[in-house]
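Peer 1: Heads up: the sequence shown is residues 2 to 83, going by the working numbering.
Just so it is clear, CB atoms sit at the ideal spot from N, CA and C, and this is done for glycine as well.
Keep in mind the model is a prediction, meaning the values are calculated, not measured.
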Amino acid sequence: MCLAIPVRIEEVLGAETAIADIGGVRKEINVALISDLAVGDYVIMHVGYALNKIDPQEAERTLALFAELDELDQKASIEATQ
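1. Starting from A60 and walking both ways along the alpha helix (DSSP H), at which residues does that stretch end?
2. Could you check what DSSP says for E12 in three-state terms: helix, strand or coil?
3. Given 8 Å as the limit, is there contact between the segment 46-56 and the segment 4-17, that is, 3 or more CB pairs closer than that?
4. Who are the near neighbours of V32 in its chain, counting only those whose CB is closer than 6 Å to its CB and skipping five residues on each side?
5. State the DSSP-derived secondary structure class of I35, mapped to helix, strand or coil.
6. For L52, which of helix, strand or coil comes out of DSSP?
7. For M46 versus I35, is the C-beta distance shorter than 8 Å?
8. Can you tell me where the beta strand (DSSP E) holding A5 begins and where it ends?
The structure is reproduced here in structure tokens:
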């Protein structure tokens, strides 16, 4: 299953590319569909393409939920091996 995830724009390289922070990893993504993009903006990214901007508070809430899910998944994996 593929998910579209919120990412923070760290650097705008041009009209079609930017550097995004994806869980602490900086990656070049395609931003051709987004107008008026600025450093600090959050976008929804799917397979390397920014689809649209997202409200920063909503992005942070979503990222926090993903972190919670990851933590629960790790705990379940540990418990399953014991």
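Peer 2: Result, derived from the coordinates:
1. Note, A60: alpha helix (DSSP H), P57 to T82.
2. Three-state DSSP puts E12 in a strand.
3. As far as the Cβ criterion goes, the segment 46-56 touches the segment 4-17, which means the pair count is three or higher.
4. Once the five neighbours on either side are set aside, the close Cβ partners of V32 are A19, L38 and A51.
5. In the structure shown, I35 sits in coil (DSSP, three-state: anything other than H, G, I, E or B).
6. Reduced to three states, the DSSP call for L52 is strand.
7. No.
8. Note, A5: premise wrong, no beta strand (DSSP E); not H, not E.
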